[in-house]
Amino acid sequence: MSDAGVAHVRLASAADLDALVGIEETFPAEDRFPKRTWKRLLSGNTLAHVAVLDGTVVGTAVLLFRRGSRVARLYTLSVAPELRGKGIARQLLAAGEAAATQKGCEHMRLEARESNQHAILLYERSGYRVIARVSGYYPNGETAVRMEKPLGNSESSSR
Ligand SMILES: CC(C)(COP(=O)(O)OP(=O)(O)OC[C@H]1O[C@@H](n2cnc3c(N)ncnc32)[C@H](O)[C@@H]1OP(=O)(O)O)[C@@H](O)C(=O)NCCC(=O)NCCS
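Each residue of the sequence shown is one higher than the one before, counting from 2 in the numbering used here.
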């Protein structure tokens, strides 16, 4: 996996469950996954990476895949608040994109809160473009920005 960066990025395992719940402890309640959701995300048709720094899990990116679809979905991306701004999310995103490409996916897709300008900037700088705005997407009624990036298997990728 990737060592070129602040953190070491590796695939997540069931042993990371408590650490993943812990990262979200300071997040607003509506942006946290219950432990049972994390359990589900660490199994099934998902692919989760974690960023590890000095032996501690400090971030994660989780991808979902649908049978018969060449679109991977970035379901969640998060970094511990005290370690943000060091390029860890970018590392996680790159690892997820590489894994999705290896699985034959042509595009990565995601939704972000319209108000989450840091995340939207990160995605734009990483090659994602807005393909739709979905009003009322979030439980509090907030609009989602849907973004997409062509991966290496896509004809529209700029290889
Ligand atoms: C969004 C999030 C994952 C970014 O993690 P991070 O490790 O701090 O991001 P990085 O250090 O890799 O930053 C990469 C880019 O993101 C943008 N960015 C991230 N944090 C930023 C900040 N505080 N201010 C401005 N831009 C920021 C910048 O474009 C940055 O690129 P640059 O270094 O060339 O300026 C993190 O803030 C987080 O966990 N937020 C809460 C969960 C969340 O909102 N996830 C996204 C859901 S769609």
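The beta carbon of each residue, even a glycine, is placed where N, CA and C say it ideally should be. Fair warning: this is a prediction, and the values are worked out from it, not measured in the lab.
Within 10 angstroms of its Cβ, does residue i collect 16 or more other Cβ (buried), or is it exposed?
i	result
R160	Residue placement at R160 cannot be trusted, given a pLDDT of 49 that sits under 50; the coordinates are not used to answer.
K36	exposed
E149	buried
T61	buried
D55	exposed
W39	buried
A16	exposed
A8	buried
E98	buried
L94	buried
Given a cut-off of 8 angstroms on the beta-carbon distance, is the pair residue i and residue j in contact?
i	j	result
L152	H108	yes
L84	V59	yes
A52	Q103	no
L48	R74	no
A133	I121	no
V10	A96	yes
Which one or two residues does DSSP pair with residue i in a beta bridge?
i	result
A52	V10, G60
A15	Its beta-bridge partners do not exist; DSSP assigns none.
P151	H108
S79	T61
F66	A73
V146	A113, R134
T47	L65
Which whole-angstrom value is the C-beta distance of residue i and residue j, which I expect to be below 8 angstroms?
i	j	result
E25	S79	7 angstroms
E115	A145	7 angstroms
So does residue i have its beta carbon nearer than 7 angstroms to some heavy atom of ligand 1?
i	result
S70	no
I132	no
V80	yes
G45	no
R91	yes
L65	no
A120	yes
R147	no
G86	yes
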